[in-house]
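Residue numbers (the numbering used here): 722 to 944.
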């Protein structure tokens, strides 16, 4: 997000920045509270979740380093639309919302950098909605697994799921029983699972079934 800013502006940002080391399960922000900080995840994993009026909670995304979250709430001085909680031990950079907004009023380069980050966030959201509307749960899972081994040579690969299956189901927009059925469907296309370990025995067959799309499946820009 800030890689193109000059040294003087980075120094001004650094003056209001704090880096915190957090244990698993730490609540960074709560849905409905006024935005207090922009968070940038440097290490670890953070679950971003929405809470329904009846108290039911679902994970919307699992942030990976390096990525930011709640930027729109911070810039608009509005309440958080989701909660954020660490999944693993995490290192998070925190920028106070009032200080960041004050800098954007005097630093056009910073304002443009944040505008670009928000644009990338919007595109990521559109890709996620497309994924939910145009693919089955099994296809979504297949595309997710293929993205994890995008650099693998040949027609086979092995990987470990980066988080547990309950979080993965929420991330893919389905229930855990639907995720189990999706994995069962993918066995026909060479996908074998043992807990968090996954083997892809026929990447070409999985691609033919899941139909990954270069435009829709671009990785989220960390901003």
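The C-beta atom is built at its ideal place from N, Cα and C for all residues, glycine as well.
The alpha carbon of residue 863 has as its nearest neighbour, out of 787, 747, 923 and 726, the alpha carbon of 923. Here residue 888 has 768, 780, 783 and 808 as same chain residues with Cβ atoms under 8 Å from its own Cβ, once five neighbours each way along the sequence are excluded. In this structure, residue 760 places its C-beta atom within 7 Å of the C-beta atom of residue 790.
In the three-state reduction of the DSSP assignment, residue 815 falls in the strand class.
Here residue 742 is exposed, its C-beta having fewer than 16 other C-beta atoms within 10 Å. Comparing C-alpha distances from residue 817 to each of 876, 805 and 734 shows the shortest one belongs to 734.
Runs of the alpha helix (DSSP H) lying entirely within the stretch 747-826, each at least 4 residues long, are 792-797 in chain order. Separation of the CB atoms of residue 830 and residue 726 is rounded to 6 Å, and the pair is thereby assigned contact status at 8 Å. The three-state reading of DSSP puts residue 879 in strand, counting E and B together.
DSSP, read as helix, strand or coil, puts residue 925 in helix. Residue 913 is bridged by DSSP to 920. Listed as beta-bridge partners of residue 743 by DSSP are 811. Residue 858 and residue 748 have their C-alpha atoms some 29 Å from each other. Here the C-alpha atom of residue 925 lies approximately 47 Å from the C-alpha atom of residue 755. By the beta-carbon neighbour count (other beta carbons within 10 angstroms, threshold 16), residue 766 is buried. In this structure residue 853 touches residue 894 by the C-beta definition: roughly 5 Å separates them, less than 8 Å. With fewer than 16 other Cβ atoms from the protein chains shown falling within 10 Å of its own Cβ, residue 844 counts as exposed. Counted as a single uninterrupted DSSP element, the stretch harbouring residue 932 is not any alpha helix (DSSP H), since DSSP gives it neither H nor E. Proximity to residue 927 across 904, 731, 915 and 918 peaks at 904, based on C-alpha coordinates.
Using a Cβ distance threshold of 7 Å, residue 730 and residue 872 do not count as a contacting pair. Taking the Cα positions, residue 885 is about 14 Å away from residue 785. Rounded to whole angstroms, the gap between the alpha carbons of residue 739 and residue 914 is 40 Å. Annotated three-state conformation of residue 829 is helix, per DSSP.
A Cβ-Cβ separation of about 6 Å places residue 870 in contact with residue 921 under the 8 Å criterion.
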